[in-house]
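Reading through the structure tokens given below for one structure.
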Ligand SMILES: Cc1cc2nc3c(=O)[nH]c(=O)nc-3n(C[C@H](O)[C@H](O)[C@H](O)COP(=O)(O)OP(=O)(O)OC[C@H]3O[C@@H](n4cnc5c(N)ncnc54)[C@H](O)[C@@H]3O)c2cc1C
């Protein structure tokens, strides 16, 4: 089975020249690579954006699609990371208003003490996240009225007594990534395979690439290099430079997509053991359910039957009024989170990112870990480091829509 990140490329020749020269070469066109391309363009710096597949074709299309402070950090006590996410959430709502929409997530409780704890925690979350540009007036936060709760089929028969609603921002991850790339002037080398690096003194100088569309060869030269290869980083560093050090721990998560269920209008976020959250989200005319956590090795992994089973079991236990096992699964997807290596369970590993300056190649930076939510901020920081230029417009300049489409009408 082939890795879904690299489907067969489209047919036809690529119009790019045989040699490409840029100030910065970015390898990996996920949310981080695409965000960096925009940051460099905003600073007037040339860059090339290289990917073995298409823009947004890796992890950045398999996320839970939330631009969030991370309500789970309220539970794990990582308040700094949560507040950073909340600030970034507001930035996305400002720069990508048509690729995001606000939602009132219901967090159900099993008992009144738990309900009280949710009210306090969510009250703080929404207080710290009170900057919500374009918040729709019809969405209500805080205590969910009993009749509304029982009007949702997920609220009856289950272990829950009521719910509290909190705000978060939803997006379309792959489109958002493509919008970032489209908002840059990067020379796009998608569907290009990295073949051989040329090293000059202590740094990388150029890279021979093969176009997967027609087999033609291109030479890319750059002064600075950034690898934003997501979960493929360790594999690439081993293949290209014989490095055996593991920088990342990989954790797989799945989503299942069901037909829509009448009456399920608001997304639910259900607390599970080990600080995990089970999401049940009506979106795009379907019901999206996720996610799990399973530590995995390198590269692409298939969904395990046990993983599907675990998710279905959790759904049955928490929302028994819906016949989950009889409802056909319309689609399923698995993404692999790149988490910065450390000991301990991946559920408790930080989703924070690290920018690593390579010790052997001094003009190379590696982007490790991270989230959709914080990708812009992190790449803003990296672009400032690389160019010495700050850029106010990063948090205000609206993104170009890659397809010219208004997201809500899809
Ligand atoms: C199940 C799940 C749910 C998640 N939910 C959320 C969420 O709700 N909110 C949130 O903020 N974050 C979420 N995340 C995290 C987020 O999705 C990732 O952190 C983010 O997408 C990583 O982006 P990236 O650019 O680092 O990597 P990727 O998107 O994987 O990009 C790496 C790119 O490198 C390319 N590449 C790989 N090898 C090569 C090579 N040899 N040559 C050239 N190109 C190569 C790939 O094709 C790919 O396009 C979730 C992750 C998972 C797995």
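In the working numbering, the protein residues as written are 7 to 416. All residues carry an ideal CB built from backbone N, CA and C; glycine is no exception.
Item	Value
Residue 138 and residue 96 closer than 9 Å at C-beta	yes
Between the CA atoms of residue 254 and residue 202 - distance to the nearest angstrom	24 Å
Residue 34 versus residue 73 - alpha carbon distance	21 Å
For residue 401, the three-state DSSP class (helix, strand or coil)	helix
Three-pair Cβ contact test at 8 Å for the region 75-87 versus the region 56-63	no
For residue 111, the residue or residues it bridges with in DSSP	172
Unbroken alpha helix (DSSP H) run spanning residue 503, endpoints	The question about residue 503 has no answer here: the residues shown for the chain are numbered 7 through 416.
6 Å Cβ shell around residue 395 - same chain, five flanking residues per side excluded	49
Length of the line joining the Cα atoms of residue 188 and residue 38	14 Å
DSSP state of residue 74 mapped onto helix, strand, coil	coil
Exposure label - residue 132; buried when at least 16 CB within 10 Å	buried
Within the region 215-259, ranges of the alpha helix (DSSP H) (whole runs, at least 4 residues)	239-247
Three-state class that DSSP yields for residue 66 in the structure shown	helix
Residue closest to residue 263, alpha-carbon to alpha-carbon, out of 318, 303, 143	318
Where residue 61 sits in the DSSP three-state scheme	coil
Same chain, Cβ closer than 8 Å to residue 293, five either side skipped, listed in chain order	263, 264, 265, 266, 267, 270, 286, 287
Bounding residues of the beta strand (DSSP E) (the contiguous stretch that carries residue 341)	335-346
Buried versus exposed call for residue 379 [16 or more other C-beta atoms within 10 Å across all chains shown]	buried
Distance cut-off 8 Å: residue 16 Cβ against heavy atoms of ligand 1	no
Sheet register partners of residue 212 (DSSP bridge)	204, 227
Inter-residue Cα distance where the pair is residue 280 and residue 126	20 Å
Per DSSP, cross-strand counterpart(s) of residue 292	289
Close-in-space but distant-in-sequence residues of the same chain around residue 128 (CB under 6 Å, 5 per side omitted)	170, 172
Residue burial classification, residue 327 (beta-carbon count within 10 angstroms, cutoff 16)	exposed
Proximity below 9 Å, CB of residue 145 to CB of residue 109	yes
Three-pair Cβ contact test at 8 Å for the region 15-31 versus the region 217-234	yes
Span separating the alpha-carbon of residue 302 from that of residue 341	11 Å
Span of the alpha helix (DSSP H) around residue 55	Per DSSP, residue 55 belongs to no alpha helix (DSSP H); it is in the beta strand (DSSP E), 53-56.
The region 359-371 in contact with the region 208-216 per 3-pair CB rule at 8 Å	yes
Coil, strand or helix - residue 128 by DSSP	helix
For residue 66 and residue 36, the rounded distance between their alpha carbons	6 Å
Closer than 8 Å: residue 258 CB and nearest ligand 1 heavy atom	yes
Chain D within 9 Å of residue 214, Cβ atoms only	Among the chains of the structure shown, chain D does not appear; only one protein chain is present.
Any 3 or more C-beta pairs closer than 8 Å across the region 175-185 and the region 99-115	yes
C-alpha distance - residue 233 paired with residue 397, whole-angstrom precision	22 Å
Start-to-end residues for the alpha helix (DSSP H) that takes in residue 101	85-101
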